[in-house]
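Student: Quick note on the working numbering: the sequence shown kicks off at 1 and runs consecutively.
We treat Cβ as the ideally placed atom computed from N, Cα and C, and that holds for glycine.
Computed from a predicted structure; not experimentally measured.
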Amino acid sequence: MSSRRRVPPNGTILPPPAVEGPLILFDGVCVMCSGFVAFVIKRDPQARFRFVAAQTPLGQSLLSRLGLSTTDFESSILIEDGRAWFKSGAFFAILRHLPWPWPWLSILRVLPLALTDRLYNAIADNRYRLFGKRESCLVPPPDIRRRFVE
Numbered sequence: 001m002s003s004r005r006r007v008p009p010n011g012t013i014l015p016p017p018a019v020e021g022p023l024i025l026f027d028g029v030c031v032m033c034s035g036f037v038a039f040v041i042k043r044d045p046q047a048r049f050r051f052v053a054a055q056t057p058l059g060q061s062l063l064s065r066l067g068l069s070t071t072d073f074e075s076s077i078l079i080e081d082g083r084a085w086f087k088s089g090a091f092f093a094i095l096r097h098l099p100w101p102w103p104w105l106s107i108l109r110v111l112p113l114a115l116t117d118r119l120y121n122a123i124a125d126n127r128y129r130l131f132g133k134r135e136s137c138l139v140p141p142p143d144i145r146r147r148f149v150e
């Protein structure tokens, strides 16, 4: 297992300036992470969510503002209403906003955060080996490009 920096607690207030959200910060070269973004886009017909790759200038700035590594990405992050959610907390918060049947998975939030984050970490630690890694961030197709911020 990789050495981990402690992420801030879920609900951490994002230091200024404000970020329009909800915004999902993700590892842009991770095939699984990009696949999750595609999953959310397909199930978000009102285009609520916006997306930023961790490798972009804005992604790097957000990671720095949260006191996180800008090179070793450990977590997708949801920024909503000025607060940041990490790891399984971000995953469950994102699912809560999707149409039926996805919000029902949020019931797993009754499990201890230490347990759900441990599962999240196991997947995150092996994501490149299991799902692959791109040489560069995926360029979104024109019809959804406006939902990606840099």
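#1: Just list the residues that DSSP pairs Phe-148 with in beta bridges.
#2: Using DSSP with H/G/I as helix, E/B as strand and the rest coil, what is Cys-30?
#3: Would you check if the stretch 137-145 and the stretch 108-127 touch, i.e. whether three or more CB-CB distances between them fall below 8 Å?
#4: Would you tell me roughly how many angstroms separate the C-alpha atoms of Ser-2 and Asp-72, rounded to the nearest one?
#5: Quick one: give me the first and last residue of the beta strand (DSSP E) that Ile-79 is part of.
#6: In angstroms, rounded to a whole number, what distance separates the CA positions of Leu-25 and Cys-137?
#7: Is the CB-CB distance between Trp-102 and Leu-108 below 7 Å?
#8: Going by beta carbon distance, what residues of the same chain come within less than 6 Å of Trp-100, once the five residues before and after it are set aside?
#9: Using CA atoms only, rank isn't needed, just tell me which of Asp-27, Val-31 and Asp-44 is closest to Pro-57.
Tutor: Straight from the coordinates:
#1: Phe-51
#2: strand
#3: no
#4: Caution is warranted here: a pLDDT of 49 is assigned to Ser-2, below 50, making its placement in the model unreliable, and no coordinate value can be reported.
#5: Its beta strand (DSSP E) spans residues 77-80.
#6: 13 Å
#7: no
#8: Around Trp-100: no qualifying Cβ.
#9: Ranked by Cα distance from Pro-57, the first of Asp-27, Val-31 and Asp-44 is Asp-27.
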